[in-house]
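Colleague: Okay, handing you the structure first.
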């Protein structure tokens, strides 16, 4: 598999800081020192995340399976263009072999793929249309897709798709996407973290918590189980009258 960034928002950090300045009448990012930029960026990490929607990335992801892309496009806030199997002859299409197969299971898989490819060619030779013949091809057939995400979407998706609960191919792809973004924008590191690192909470507790029947996730920590504390806080919250704070803008920040 291969992931590369085709395009991204120019001057992304200045764009982000500019959105905050627009809200808070702060300084123009062009007048800030690098230290001031980093200070204001760290402040933004603890505020509303809508400014991060102003930074876009367009990825080209190739050498992946259609099973993976079916999962990828369920991130509905992305935009996608995928290689078509309806109008292209897929006779020479590769099929991605799952990493977990070995021994007899691997032999059976490869035999099945060979049969499917042979039957595809036979259907074409018999006059079947490409769009009909493709129905016999393996769902793990190799494909290529272009996808556009904003930084806020990437940040939220990272919490789940870097997790061990996610299929291995998707984890690998997202790690490559993350690496490509950080090569351009190292400051985005804290935004592209798995849920347990980003929030201190597990995205899939039932998967991660150890039980008598399963060892649980390698990265699970007992302090992540806050069910009792959250239940206590829930009762206090809903037993309290509505309250609000009184934010005041000062030097581009809300205090």
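Numbering (our numbering), first residue to last: 21 to 275.
No residue lacks a Cβ here, since even glycine has one placed at the ideal position from N, Cα and C.
Can residue 167 and residue 81 be called in contact, C-beta distance under 8 Å?
Modeller: Yes, they are a contact pair.
Colleague: Starting from residue 83, trace the beta strand (DSSP E) both ways and give me its first and last residue.
Modeller: Residue 83 -> beta strand (DSSP E) spans 76 to 85.
Colleague: Can you tell me whether residue 91 is helix, strand or coil according to DSSP?
Modeller: Three-state DSSP puts residue 91 in a helix.
Colleague: Answer yes or no: do residue 237 and residue 228 have a C-beta to C-beta separation smaller than 8 Å?
Modeller: Going by C-beta atoms, residue 237 is nearer than 8 Å to residue 228.
Colleague: Do you know offhand how far residue 74's Cα is from residue 35's?
Modeller: The alpha-carbon atoms of residue 74 and residue 35 are separated by roughly 7 Å.
Colleague: Starting from the Cα of residue 242, find the closest Cα among 56, 269, 230 and 122 and give me that residue.
Modeller: Of 56, 269, 230 and 122, the residue nearest in Cα terms is 230.
Colleague: Just tell me which of 139, 155, 202 and 156 has its CA closest to the CA of residue 77.
Modeller: Ranking 139, 155, 202 and 156 by Cα distance to residue 77 puts 202 first.
Colleague: What did DSSP end up calling residue 69 once you bin it into helix, strand or coil?
Modeller: Coil at residue 69, not helix or strand.
Colleague: Could you check which residue in 193, 144 and 165 has the C-alpha nearest to that of residue 157?
Modeller: Checked all of 193, 144 and 165; the closest Cα to residue 157 is 144.
Colleague: Given residue 22, which residues of its chain have a CB within under 7 Å of its CB, disregarding the five upstream and five downstream residues?
Modeller: Taken in chain order, the residues that qualify are 82 and 83.
Colleague: Quick one: complete beta strand (DSSP E) runs, 3+ long, within the segment 123 to 204?
Modeller: Segments of the beta strand (DSSP E) lying fully in the segment 123 to 204: 162 to 170.
Colleague: Looking at residue 272: is its Cβ nearer than 8 Å to the Cβ of residue 169?
Modeller: Not in contact: residue 272 and residue 169 (Cβ atoms no closer than 8 Å).
Colleague: What three-state label does DSSP hand residue 213 in the structure shown?
Modeller: The answer is coil: DSSP assigns residue 213 none of H, G, I, E or B.
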